[in-house]
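Student: Attaching a single structure in structure tokens format; questions to follow.
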Amino acid sequence: MFAAPRTPLCRPVASGSSARIPPPLLPPAAAPRSPDAMAPAAAFLPVAPTAATVGSRASSLVSSARPAAGGRAAVRRARAVVPPRMTMEAPIPAVTADTPTDKASVGLVGLAVMGQNLALNIADHGFPISVYNRSASKTRDTVARAEAEGLSDKLSGFEDMAEFVASLATPRRVIMLVKAGGPVDATISALRQHLEPGDMIIDGGNEFYTNTERRSKDLTDQGLLYMGMGVSGGEDGARMGPSLMPGGPRPAYEALEPMLRSIAAQVDDGPCVTYIGTGGAGNYVKMVHNGIEYGDMQLIGEAYDVLKTVGGLSAPELAAVFDEWNRSNLQSFLIEITAAILRTTDDLVGDGSALIEKVLDQTGAKGTGMWTVQEAAARLVPIPTIAAALEARYLSALKQDRAIAAKVLSGPSSAAAPSLSAEDKAALVESVRSALYASKICSYAQGMNLIRAAGTEYGWGLDLGAISRIWKGGCIIRAVFLDRIKAAYDIDAELPSLLVDPSFAAELATAQSAWRSVVTTAVNAGVSVPAMSGSLAYYDTYRRTVLPSAQMVQSQRDFFGSHTYKRLDKDGVYHTRWSSDGVTEEQ
Numbered sequence: 001m002f003a004a005p006r007t008p009l010c011r012p013v014a015s016g017s018s019a020r021i022p023p024p025l026l027p028p029a030a031a032p033r034s035p036d037a038m039a040p041a042a043a044f045l046p047v048a049p050t051a052a053t054v055g056s057r058a059s060s061l062v063s064s065a066r067p068a069a070g071g072r073a074a075v076r077r078a079r080a081v082v083p084p085r086m087t088m089e090a091p092i093p094a095v096t097a098d099t100p101t102d103k104a105s106v107g108l109v110g111l112a113v114m115g116q117n118l119a120l121n122i123a124d125h126g127f128p129i130s131v132y133n134r135s136a137s138k139t140r141d142t143v144a145r146a147e148a149e150g151l152s153d154k155l156s157g158f159e160d161m162a163e164f165v166a167s168l169a170t171p172r173r174v175i176m177l178v179k180a181g182g183p184v185d186a187t188i189s190a191l192r193q194h195l196e197p198g199d200m201i202i203d204g205g206n207e208f209y210t211n212t213e214r215r216s217k218d219l220t221d222q223g224l225l226y227m228g229m230g231v232s233g234g235e236d237g238a239r240m241g242p243s244l245m246p247g248g249p250r251p252a253y254e255a256l257e258p259m260l261r262s263i264a265a266q267v268d269d270g271p272c273v274t275y276i277g278t279g280g281a282g283n284y285v286k287m288v289h290n291g292i293e294y295g296d297m298q299l300i301g302e303a304y305d306v307l308k309t310v311g312g313l314s315a316p317e318l319a320a321v322f323d324e325w326n327r328s329n330l331q332s333f334l335i336e337i338t339a340a341i342l343r344t345t346d347d348l349v350g351d352g353s354a355l356i357e358k359v360l361d362q363t364g365a366k367g368t369g370m371w372t373v374q375e376a377a378a379r380l381v382p383i384p385t386i387a388a389a390l391e392a393r394y395l396s397a398l399k400q401d402r403a404i405a406a407k408v409l410s411g412p413s414s415a416a417a418p419s420l421s422a423e424d425k426a427a428l429v430e431s432v433r434s435a436l437y438a439s440k441i442c443s444y445a446q447g448m449n450l451i452r453a454a455g456t457e458y459g460w461g462l463d464l465g466a467i468s469r470i471w472k473g474g475c476i477i478r479a480v481f482l483d484r485i486k487a488a489y490d491i492d493a494e495l496p497s498l499l500v501d502p503s504f505a506a507e508l509a510t511a512q513s514a515w516r517s518v519v520t521t522a523v524n525a526g527v528s529v530p531a532m533s534g535s536l537a538y539y540d541t542y543r544r545t546v547l548p549s550a551q552m553v554q555s556q557r558d559f560f561g562s563h564t565y566k567r568l569d570k571d572g573v574y575h576t577r578w579s580s581d582g583v584t585e586e587q
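Using the UniProt record's numbering, the first residue of the sequence shown is number 1, and each one after it goes up by one.
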């Protein structure tokens, strides 16, 4: 139960802005509130439109079939007409169970897999929602699903955008889940024709953060509020509870917070949502989340490859291994689904063979991994594990080239998988587990360092501990060790890297022998492990006080380009005439 806030909610977003802050969306009341809890709140309680109130919109409404009189539709809250919009000086009145509305609390545009499931999630938590899609068939599909799931009194679909917007309680809140880039701009262009100052648009897609900041400025000038919100968890997460990463004006987040807390994944220490920061902070954090996801998936793929190719483990044996790992410090969603994948047999052939061995070895990508690597390069933040994972996807796409290369390029002479004893297999499994865990720490450390660098540059005031906490549930990279990442940042918010946290440093020290052994074994067998070896190289580079390779490269730069260098033993900047008399001059 979320008590209504006691502070006035009719506040300007920023100096010079005409946008008003909408009241918060609150979940259904579990029990009557005291008078103190009700005033002077401005709360939208979730209520559903009645058949009578939507009848005049029947020409454009795509409505699911209603139960007969006396059924579910008959047991609804009483309604009242929403009062006119208030001026900036007047408080927005509370909308309670005693003063209901015939309008939906929120709207959602974009009913592909994520949008449809998020809409049903919102409806399932008691918030009446209107939905719209450019393709009317998806709207009808969503309405049909709502009916099948007993949510037809909470979800209404529209084929006309103007009537969709008109169905929303004011100030209006519209969530978009459409493809990034041009489609988002087109959707905003269509929406803004029907919106008024004080209304809010929330982009829940994987959008590049600078686009969010551009749109926010443009819409703020029109008096509209704009937020970019990362949504992670795939279709199941969207339906049952995602991890949410909202960014934008903080007052706008506070107006949405009760609803977001209701629909987010729930873990032991609360819902998986927190305010990320201003501007495009939410989209940025979601982008890096996806980059970490790339690294995590590639590392698991490499562990699978080593155990299969070098260890000779069968799919059933591998499934058992990953099941066991999911009861260890590797417990995570990705480890869990890996075991499930390895247990799945080919139902099309029906011969009991593992389906994974029939899957085409080309990995797709949608762009967030590339954005992450580009952003890291722009901020001089090394993320070799994530970059290796991205490049591994690109290499996998070269299927025809690899087929040609396989006939031309030779590998180790003993390419066939050895026949290992049960004891040797068990030892390899344990070594790979240690190598995977150590590499995973490096991948997360790289991602968190990138988030910190961007947050510092843009003044977002990011809380890395809070961010790691909301990844514990709902999202693709949810893992048990995120608790420890949160604890590390709670102890030291300025921690330069997870690698130097005493707890993680001790684990890396313990794992490094097995880690090095696995990378060496893979190299000797001709099995590429770019993310795992990149993680080890990152660890070794990070722990060295002096880097001879860096000394050589900087000397080369000064030799051919007079780029100068600094010295370890003296202050100042120097240039040496390497190719002539070898004289060094301070610049």
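The C-beta atom is built at its ideal place from N, Cα and C for all residues, glycine as well. Every value quoted in this text rests on a predicted model; they were computed, and no experiment measured them.
Tell me where the beta strand (DSSP E) around THR576 begins and ends.
Tutor: 573–576
Student: Among GLY182, LEU450 and GLU317, whose alpha-carbon lies nearest the alpha-carbon of THR372?
Tutor: LEU450
Student: Indicate whether LEU355 and ASP361 have their beta-carbon atoms separated by less than 8 Å.
Tutor: In this structure, LEU355 keeps its C-beta atom at 8 Å or more from the C-beta atom of ASP361.
Student: Are ASP203 and MET229 touching if we call contact CB-CB under 8 Å?
Tutor: yes
Student: What number of angstroms, rounded off, separates the C-alpha of THR564 from the C-alpha of VAL583?
Tutor: THR564 and VAL583: Cα-Cα distance of roughly 13 Å.
Student: According to DSSP, which residues form a beta bridge with LEU584?
Tutor: The amino acid at residue 584 is misidentified as Leu; the sequence shows Thr. Looking at the DSSP assignment, THR584 forms a beta bridge with THR576.
Student: Take LYS286 as the anchor and find which of THR545, LEU436, GLU207 and VAL178 has the nearest alpha-carbon.
Tutor: GLU207
Student: ILE341 and ILE300 - do their beta-carbons sit closer together than 8 Å?
Tutor: Against a cut-off of 8 Å, the Cβ pair of ILE341 and ILE300 comes out as no contact.
Student: Check each candidate in VAL573, THR456, GLY572 and ALA438 and name the one with the smallest Cα separation from TYR539.
Tutor: ALA438
Student: Give the DSSP bridge partners of LEU244, in chain order.
Tutor: VAL231 and VAL273
Student: Return the residue from the list ALA148, VAL553 and PRO242 that minimises the CA-CA distance to LEU260.
Tutor: Among ALA148, VAL553 and PRO242, the Cα nearest to that of LEU260 belongs to PRO242.
Student: Below 8 Å on the Cβ atoms is my guess for ILE276 versus GLY247; work out the distance and round it to an integer in Å.
Tutor: The pair is a contact, with the Cβ atoms about 4 Å apart (cut-off 8 Å).
Student: From CYS442 to GLY295, what does the alpha carbon distance come to, in whole angstroms?
Tutor: 10 Å
Student: Indicate the three-state DSSP secondary structure (helix, strand or coil) for ASP569 in the structure shown.
Tutor: coil
Student: Can you tell me whether GLU585 is buried or exposed? The criterion is at least 16 other CB atoms within 10 Å of its CB, across all chains shown.
Tutor: exposed
Student: Ignoring anything shorter than 4 residues or poking outside the region 372–446, list the alpha helix (DSSP H) runs there in chain order.
Tutor: 384–396 and 399–408
Student: Among ARG567, SER413, GLN116 and LEU464, which one has its Cα closest to the Cα of GLN554?
Tutor: ARG567
Student: Does the Cβ of ILE188 have 16 or more other Cβ atoms within 10 Å, making it buried, or fewer, making it exposed?
Tutor: When all chains shown are included, ILE188 counts as buried.
Student: Which residue's Cα is closest to the Cα of THR212: MET552, SER137, GLY280 and ARG402?
Tutor: Sorting MET552, SER137, GLY280 and ARG402 by C-alpha distance to the C-alpha of THR212 places GLY280 at the top.
Student: How is ILE477 classed by DSSP in three states: helix, strand or coil?
Tutor: coil
Student: Tell me, please, which residues DSSP counts as bridged to THR220.
Tutor: Answer by DSSP bridge pairing: none, since THR220 is not bridged.
Student: Just reading off the alpha helix (DSSP H) that LEU118 is part of, what are its end residues?
Tutor: 113–124
Student: Is PHE127 helix, strand or coil when you go by DSSP?
Tutor: Note: PHE127 maps to coil in three-state DSSP.
Student: Can you tell me whether LEU151 is helix, strand or coil according to DSSP?
Tutor: coil
Student: Please report the residue range of the alpha helix (DSSP H) in which LEU536 lies.
Tutor: 530–543
Student: Can you give me the Cβ contacts of GLU391 inside the same chain, cut-off strictly under 8 Å, excluding the 5 residues immediately before and after it?
Tutor: If we look at GLU391 and ignore the five residues flanking it on each side, its Cβ neighbours are PRO530.
Student: Going straight from the alpha carbon of PRO502 to that of GLY270, what length do you get?
Tutor: 27 Å
Student: Nearest to ASP558 by CA position, among GLN587, SER533, TYR458 and GLU254, is which residue?
Tutor: GLN587
Student: Which of the three DSSP states, helix, strand or coil, is assigned to GLY157?
Tutor: In the three-state reduction of the DSSP assignment, GLY157 falls in the strand class, which pools E and B.
Student: Rank ALA365, THR456 and SER431 by C-alpha distance to the C-alpha of VAL381 and give the top, closest one.
Tutor: THR456
Student: Could you check how far apart the C-beta atoms of THR521 and VAL310 are, in whole angstroms? I think they sit under 8 Å.
Tutor: The Cβ separation is near 6 Å, so the contact holds.
Student: Using the three-state DSSP reduction, which class does VAL267 fall into: helix, strand or coil?
Tutor: strand
Student: Where does TYR394 land, buried or exposed, given buried means 16+ other C-beta within 10 angstroms?
Tutor: exposed
Student: Check VAL285 in the structure and name its three-state DSSP category.
Tutor: helix
Student: From the DSSP output, which residues share a beta bridge with ASP203?
Tutor: MET176 and GLY228
Student: How about LEU436 and ALA303: are their beta carbons less than 8 Å apart?
Tutor: yes
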